[in-house]
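Heads up, the first sequence is in UniProt numbering, so the first residue is 1 and it goes up one at a time.
Below: the structure, in structure tokens.
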Amino acid sequence: MDRNSSGGDADNFDWDTEDELEIDNYAISSRSGVSLTNGESVLGTTEAGSSADSPNSKLIDHFVGMGFSEELVAKAIEENGEENSNLILEALLQYSASSLASSSNSKLIDHFLGMGFSEEMVIKAIKENGEGNTDTILETLLTYSALEKSAPVQHADSDNYSSDYDGSFLDDFTDIDSSDDTEETLNPDSDEESRLLYLTKMGYSEAEASVAMERCGPDSSIAELTDFICAAQMAKAADALFPVEDRKPFCNDPNYKKRRNAGFDLWKRKKQMKLDKKLLNEDDHAVHLPNPMIGFGVPTEPDQITQRTLPEDAIGPPYFYYENVALAPVGVWSEMSRYLYDVTPEFVDSKYFCAAARKRGYIHNLPIENRYPLLPFPPRTIHEAFPLTKKWWPSWDPRTKLNCLQTCTASAKLTERILKALEAYGDEPPLNVQKYVLDECRKWNLVWVGKNKVAPLEPDEVEMLLGFPRNHTRGGGSSRTERIKSLGNSFQVDTVAYHLSVLKDMFPGGITVLSLFSGIGGAEVALHRLGVPLKAVVSVEKSEVNRNIVRSWWEQTNQRGTLIDIPDVQELNGDRLEQLISRFGGFDLVVGGSPCNNLAGSNRHHRDGLEGKESSLFYDYCRILDLVRLMQRNQ
DNA sequence: TAAACCATGACGGGAGTT
DNA sequence: AACTCCCGTCATGGTTTA
Numbered sequence: 001m002d003r004n005s006s007g008g009d010a011d012n013f014d015w016d017t018e019d020e021l022e023i024d025n026y027a028i029s030s031r032s033g034v035s036l037t038n039g040e041s042v043l044g045t046t047e048a049g050s051s052a053d054s055p056n057s058k059l060i061d062h063f064v065g066m067g068f069s070e071e072l073v074a075k076a077i078e079e080n081g082e083e084n085s086n087l088i089l090e091a092l093l094q095y096s097a098s099s100l101a102s103s104s105n106s107k108l109i110d111h112f113l114g115m116g117f118s119e120e121m122v123i124k125a126i127k128e129n130g131e132g133n134t135d136t137i138l139e140t141l142l143t144y145s146a147l148e149k150s151a152p153v154q155h156a157d158s159d160n161y162s163s164d165y166d167g168s169f170l171d172d173f174t175d176i177d178s179s180d181d182t183e184e185t186l187n188p189d190s191d192e193e194s195r196l197l198y199l200t201k202m203g204y205s206e207a208e209a210s211v212a213m214e215r216c217g218p219d220s221s222i223a224e225l226t227d228f229i230c231a232a233q234m235a236k237a238a239d240a241l242f243p244v245e246d247r248k249p250f251c252n253d254p255n256y257k258k259r260r261n262a263g264f265d266l267w268k269r270k271k272q273m274k275l276d277k278k279l280l281n282e283d284d285h286a287v288h289l290p291n292p293m294i295g296f297g298v299p300t301e302p303d304q305i306t307q308r309t310l311p312e313d314a315i316g317p318p319y320f321y322y323e324n325v326a327l328a329p330v331g332v333w334s335e336m337s338r339y340l341y342d343v344t345p346e347f348v349d350s351k352y353f354c355a356a357a358r359k360r361g362y363i364h365n366l367p368i369e370n371r372y373p374l375l376p377f378p379p380r381t382i383h384e385a386f387p388l389t390k391k392w393w394p395s396w397d398p399r400t401k402l403n404c405l406q407t408c409t410a411s412a413k414l415t416e417r418i419l420k421a422l423e424a425y426g427d428e429p430p431l432n433v434q435k436y437v438l439d440e441c442r443k444w445n446l447v448w449v450g451k452n453k454v455a456p457l458e459p460d461e462v463e464m465l466l467g468f469p470r471n472h473t474r475g476g477g478s479s480r481t482e483r484i485k486s487l488g489n490s491f492q493v494d495t496v497a498y499h500l501s502v503l504k505d506m507f508p509g510g511i512t513v514l515s516l517f518s519g520i521g522g523a524e525v526a527l528h529r530l531g532v533p534l535k536a537v538v539s540v541e542k543s544e545v546n547r548n549i550v551r552s553w554w555e556q557t558n559q560r561g562t563l564i565d566i567p568d569v570q571e572l573n574g575d576r577l578e579q580l581i582s583r584f585g586g587f588d589l590v591v592g593g594s595p596c597n598n599l600a601g602s603n604r605h606h607r608d609g610l611e612g613k614e615s616s617l618f619y620d621y622c623r624i625l626d627l628v629r630l631m632q633r634n635q
């Protein structure tokens with residue numbers, strides 16, 4: 001195999017030096033003076049006690065209202081007593097996690113419950129259709145609903161409800177087998193009184209409904225109103241997971257409401273794509289990608305934003321940093337934002353940091369002032385990154401940046417085909433040939449390594465582009481294909497390091513990190529290159545090869561902290577987290593990028609959105625982050 | 001058997017035009 | 001507004017090769 005495309009002999013700087021020395025040098029980055037802002041936030045501890053006059057049934061109702069089954073709630077109360085609601089909640093979360101892990105069936109049931117169907121109907125539908133085809137189950141459920149004149153309803157999103165939206169989907173999901181028929185005769189958007197009545201019937205208090213109607217204006221739809229109320233509740237009830245007495249149970253917990261919406265979102269995306277797109281664009285919650293995609297700013301561009309206001313509930317500790325592909329299906333980022341305390345995502349294209357594009361969104365609660373980049377700056381054009389290619393680069397190939405580094409690489413045979421296509425001509429092949437070659441080059445990130453000869457990037461070249469030490473992914477019996485795949489799934493280190501750089505002065509004594517979906521350790525490498533000591537890293541990563549890579553890096557860089565690796569994210573339940581938190585005194589940072597498989601545009605087969613098989617692990621990130629926050633606040 | 005190879009489009013944003 | 005065209009996208013599953 002040709003290796004002559006190697007950029008290793010780049011003369012502008014040396015990627016070949018010993019890793020440790022090199023990394024140590026990076027750590028000594030010169031920096032502008034940093035005025036440390038106080039990143040601490042004022043956090044009241046949650047009042048967790050149940051009120052004295054609260055009978056057992058009220059407590060049960062409360063948790064049932066959050067979406068847990070009555071059986072589980074009873075069990076949790078029996079095991080933990082009535083006194084400590086936190087313990088009960090923890091137990092419930094644990095049950096849910098383990099039941100999700102053990103039974104695909106319950107996941108399926110939950111999925112449809114989340115859409116607002118009753119458990120009874122869902123079980124019946126699954127029994128009739130089997131577990132295999134979710135679409136037929138959905139059809140059946142919709143049929144049931146139509147029969148009962150009780151289809152699911154979506155409260156919090158205004159984007160799937162408008163005047164031309166089919167009214168049959170407007171219903172109250174509280175009790176599907178409700179005996180009264182008010183829904184049929186009530187036109188919720190007709191006048192103020194009807195809407196008020198409708199909202200109270202939905203379980204909102206009269207006060208909430210009135211305030212919402214006042215704030216949203218006389219022409220607001222039910223969906224807008226519920227959206228407003230939901231937002232208000234989220235802001236208010238964020239920390240208080242416990243009853244506000246004048247609210248109906250199912251409205252208490254914003255996460256519950258959000259989860260119900262999540263299921264419906266899937267249905268919505270599938271059936272109402274066109275309509276949604278139109279409506280989403282008018283929706284305040286629609287996330288739009290910035291152009292240029294520089295987030296709050298990048299070191300190489302003039303526009304910088306140094307101030308932002310985080311939603312109160314988003315403020316740490318711990319700090320969190322979540323990453324995923326920017327070009328996810330419509331609605332995914334607003335959903336993720338909703339789950340992550342309504343923090344606005346920061347979209348950044350790594351082409352501003354290195355020679356390859358990498359459009360990613362980051363949701364985090366880090367300060368954004370006084371960021372600084374890793375030094376030295378990595379090469380930012382193809383020619384700088386691979387000087388040897390300059391000699392062979394045709395004038396008709398205008399690329400200066402590579403496209404996104406993906407998980408697959410072109411075959412060596414494609415090189416041959418392109419060679420053959422070009423050989424017949426001189427310096428200026430016909431336009432159609434140029435287009436063919438350029439298209440292939442762009443699709444596969446090919447670079448010129450000889451006359452008429454292109455080649456895909458080698459793993460070590462991708463390592464360099466992504467900011468990893470050379471040979472980072474080598475070893476552990478990892479093939480070229482596997483290395484490319486692991487790298488393709490990774491962070492761009494310089495980009496992430498720029499965002500994490502604010503931690504340097506906050507944690508001079510080192511940092512304790514919970515790293516979910518660690519992959520090949522992009523976050524760890526970034527922190528290390530920033531010179532942030534790693535006191536302890538708890539790393540969750542499914543792939544054994546990747547775990548070996550991180551472990552090997554950990555040893556080779558003479559880390560003095562503790563590295564714990566956990567293969568399965570489900571293993572990280574309340575118990576395990578409590579152990580780890582008490583052992584390390586809590587986590588300072590929860591970092592991770594959950595799988596993008598079902599979000600990425602390259603996926604022909606299962607681009608199913610957030611509810612997809614792998615991408616739904618996003619909810620585990622949220623689950624774990626929620627648990628960490630809860631536990632550390634009650635310490 | 002492990003690694004390499006290859007066929008497989010849809011979706012969404014941006015820019016321009018009508 | 002609505003239309004066109006252009007372009008890029010952390011991939012999967014089956015088949016062939018070494």
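Even for Gly, the Cβ is constructed at its ideal location relative to N, Cα and C.
Given residue i, which residues of its chain have a CB within under 6 Å of its CB, disregarding the five upstream and five downstream residues?
i	result
Thr562	Ala536
Cys408	none
Val569	Val540, Asp620
Ser350	Arg358, Gln492, Thr495
Tyr498	Arg371, Pro373
Leu516	Val540, Gly592, Tyr621
Pro311	Tyr341, Asp342
Ile581	Met631
Lys420	none
Glu369	Thr306
Thr512	Lys535, Ala536, Phe584, Phe587, Asp588
If we call anything under 8 Å between Cβ atoms a contact, is residue i one with residue j?
i	j	result
residue 636	Ile520	A question about residue 636 goes unanswered here, because the residues of the chain that appear run from 1 up to 635.
Gly426	Glu346	no
Ala328	Leu465	no
Leu514	Glu524	no
residue 661	Asn445	Past the edges of the chain, shown from 1 to 635, lies residue 661, and the structure says nothing about it.
Ala600	Val325	yes
Glu587	Pro318	What sits at residue 587 in the sequence shown is Phe, not Glu. Yes, the Cβ-Cβ distance between Phe587 and Pro318 is below 8 Å.
Leu503	Val532	yes
Asn447	Thr415	It should be pointed out that residue 447 corresponds to Val in this sequence rather than to Asn. Result no, Cβ atoms of Val447 and Thr415 do not sit closer than 8 Å.
Val298	Phe377	no
Met293	Val348	yes
Nearest to residue i by CA position, among the options, is which residue?
i	options	result
Glu313	Asp303, Thr344, Val502	One point to set straight first is that residue 313 is Asp, not Glu, in the sequence displayed. Minimum Cα distance to Asp313 is reached at Thr344.
Glu301	Glu524, Arg338, Ile549, Arg380	Arg380
Phe618	Glu323, Ile77, Glu120	Glu323
Ile566	Arg551, Glu555, Gln556, Leu487	Arg551
Asn365	Gln307, Leu610, Gln632, Ala455	Gln307
Phe320	Gly585, Phe386, Tyr362	Tyr362
Leu527	Val545, Arg604, Leu589	Leu589
Ser518	Thr512, Leu503, Ser490	Ser490
Ser478	Ser334, Gly467, Ser543, Thr309	Ser543
Glu440	Ile77, Arg623, Ala412	Ala412
Gly510	Ile484, Asp608, Gly522, Gln559	Gln559
Phe386	Val449, Gly585, Glu614, Pro429	Val449
Leu289	Asp303, Pro508, Trp333, Ile624	Trp333
Asp575	Arg607, Arg604, Val628	Val628
Taking 7 Å as the line, does the beta carbon of residue i fall inside it for any heavy atom of the ligand MG?
i	result
Asp588	The ligand content of the structure shown is nil, which means the ligand MG is not present either.
Check the C-beta distance from residue i over to residue j and give it rounded, since I have them as a contact under 8 Å.
i	j	result
Leu487	Glu458	Wrong, their Cβ atoms sit about 11 Å apart, outside the cutoff.
Leu577	Met631	6 Å
Ala410	Pro456	4 Å
Grab me the residues of residue i's own chain with a C-beta within less than 8 Å of its C-beta, minus the 5 sequence neighbours each way, in chain order.
i	result
His383	Thr389, Lys390, Trp393, Thr400
residue 676	The shown model of the chain, from 1 to 635, leaves out residue 676, and the question about it has no answer.
Gly475	Asn548, Ile549, Ser552
Val545	Gly476, Gly477, Ser478, Glu482, Ser486
Sorted by chain position, which residues of the same chain lie with C-beta nearer than 7 Å to residue i's C-beta, five sequence neighbours on each side aside?
i	result
Lys75	none
Gln406	Gly488, Ser602
Gln434	Trp396
Trp554	Leu563
Inter-stretch contact at 8 Å, needing at least 3 Cβ pairs: the segment 364-377 / the segment 568-586: By the Cβ rule, the segment 364-377 does not count as touching the segment 568-586, because fewer than three pairs are nearer than 8 Å.
Contact between the segment 590-609 and the segment 389-397 (3+ Cβ pairs under 8 Å): no
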